[in-house]
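Novice: Below is a structure I'd like to ask you about.
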Ligand SMILES: [Mg+2]
Ligand SMILES: [Zn+2]
């Protein structure tokens, strides 16, 4: 039996890069503080990286799906000097109330649904129990929890609604990216946190 990989699934906007709403202009893309150092440490620990990002701007007609390529390229360019590679980018271009017909659907990939994470796990042979989802809103945590990962919310002010519910409690709340990374590195065996939570409901 081949051993599956462990991953850190990363939300893009507000987590990996500062959130500029509906932006696909590479010139406006920079990394959040601590991202290079944090990903370097996680890479050393054997994690691979996958971007999991809602891009409803496609459904809403603000930009087209191909323009997300230039976003990928810019992020790769920023990470490359540090020897960090994003294994895969998954974008959900849908929104139930979009304008562009082919993308205006209630899909199974838009977070808080776990579709993109499950797809990545299948494509890249990832062990979800050993993997983490990091995001800046509770929809990220829910997607990760539903997929069977452990989850971290970076509480940087981007979550404003704080809707509670089944699957919406992150394993850990961090103040910033590096704090999230440090938690992951110091707690490699925190499965029981999620198990207890599931058993309690
Ligand atoms: Mg975000
Ligand atoms: Zn979708």
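Residue numbers (the working numbering): 1333 to 1533.
Every residue gets a Cβ at the ideal spot worked out from N, C-alpha and C, and that includes glycine.
1) Can you give the Cα-Cα distance for residue 1381 and residue 1395, rounded to whole angstroms?
2) Answer yes or no: do residue 1447 and residue 1436 have a C-beta to C-beta separation smaller than 9 Å?
3) Take residue 1478 as the anchor and find which of 1443, 1454 and 1505 has the nearest alpha-carbon.
4) Taking the alpha-carbon of residue 1377 as reference, which of 1404, 1412, 1407 and 1339 has the nearest alpha-carbon?
5) Taking residue 1368 and residue 1343 to be in contact with their CB atoms under 8 Å, please state how far apart those CB atoms are, rounded to whole angstroms.
6) Could you give the DSSP three-state label for residue 1408: helix, strand or coil?
7) Determine, using beta carbons only, whether residue 1419 and residue 1374 come nearer to each other than 9 Å.
8) With respect to 8 Å, is the separation between the Cβ of residue 1436 and the closest non-hydrogen atom of ligand 2 below this value?
9) Can the beta-carbon of residue 1476 be found closer than 9 Å to that of residue 1341?
Specialist: The structure says:
1) Residue mapping note: residue 1381 aligns to position 49 of the chain shown, counting from 1. Residue mapping note: residue 1395 aligns to position 63 of the chain shown, counting from 1. One C-alpha to the other measures close to 25 Å.
2) For the purposes of this step, residue 1447 is taken as the residue at position 115 of the chain shown. For the purposes of this step, residue 1436 is taken as the residue at position 104 of the chain shown. Taking 9 Å as the Cβ cut-off, residue 1447 and residue 1436 do not qualify as a contacting pair.
3) Indexing the chain shown from 1 puts residue 1478 at position 146. For the residues 1443, 1454 and 1505, the minimum Cα distance to residue 1478 belongs to 1443.
4) Along the chain shown, read from residue 1 onward, the residue named residue 1377 stands at position 45. Answer by Cα proximity: 1339.
5) Working through the chain shown from its first residue, we reach residue 1368 at position 36. Working through the chain shown from its first residue, we reach residue 1343 at position 11. Rounded, the Cβ-Cβ distance is 17 Å, inconsistent with contact.
6) For the purposes of this step, residue 1408 is identified with residue 76 of the chain shown, where counting begins at 1. Reduced to three states, the DSSP call for residue 1408 is helix.
7) One-based indexing of the chain shown puts residue 1419 at position 87. One-based indexing of the chain shown puts residue 1374 at position 42. No, the pair does not count as a contact, with Cβ atoms beyond the cut-off.
8) In the chain shown, the residue the question calls residue 1436 occupies position 104. No, Cβ of residue 1436 sits at least 8 Å from all heavy atoms of ligand 2.
9) Translated into positions along the chain shown, residue 1476 becomes position 144. Translated into positions along the chain shown, residue 1341 becomes position 9. Yes, the Cβ-Cβ distance between residue 1476 and residue 1341 is below 9 Å.
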